[in-house]
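Visitor: Take this structure first; my questions come after.
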Amino acid sequence: MYESLTEFLRTASSGNPLVWALLIMAVVSMTSLVLYGFWEVVLRLTLYRLFTPGGSGDGTEKGSG
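Mapping of the sequence shown onto the working numbering: position 2 corresponds to residue 8, and the numbering continues sequentially without gaps.
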């Protein structure tokens with residue numbers, strides 16, 4: 007697995023440098039979008055659980071007495 011990945015990266019980088027640069031830019035941008043989406047979901051769910059009635063997770067509802 008590691009050897010085949012290394013061989014692929016060597017052959018890809020030895021070709022056209024513009025294609026290689028565009029590939030790296032695409033990988034970085036896709037990674038940033040995935041991480042942005044992941045943290046957006048995590049933080050929104052956390053804020054929702056903290057600031058909604060009954061969303062604290064301890065079994066008690068806010069404002070019930």
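Using N, Cα and C, we set each Cβ at its ideal position, and we do this for glycine too.
Please read these numbers as outputs of a predicted model, since none were measured by experiment.
1. If you follow the alpha helix (DSSP H) that G43 is in, where does it begin and where does it stop?
2. Can you tell me the Cα-Cα spacing of F57 and L51, whole angstroms?
3. What's the gap between the Cα of A32 and the Cα of W26?
Guide: Walking through what the data contain:
1. Position 37 of the sequence shown, counted from the first residue, corresponds to residue 43. Where G43 is concerned, the enclosing alpha helix (DSSP H) stretches over 23-57.
2. The residue labelled residue 57 in the question sits at position 51 within the sequence shown. The residue labelled residue 51 in the question sits at position 45 within the sequence shown. Using only the alpha carbons, I get a separation of about 10 Å.
3. Position 26 of the sequence shown, counted from the first residue, corresponds to residue 32. Position 20 of the sequence shown, counted from the first residue, corresponds to residue 26. C-alpha separation (whole angstroms): 10 Å.
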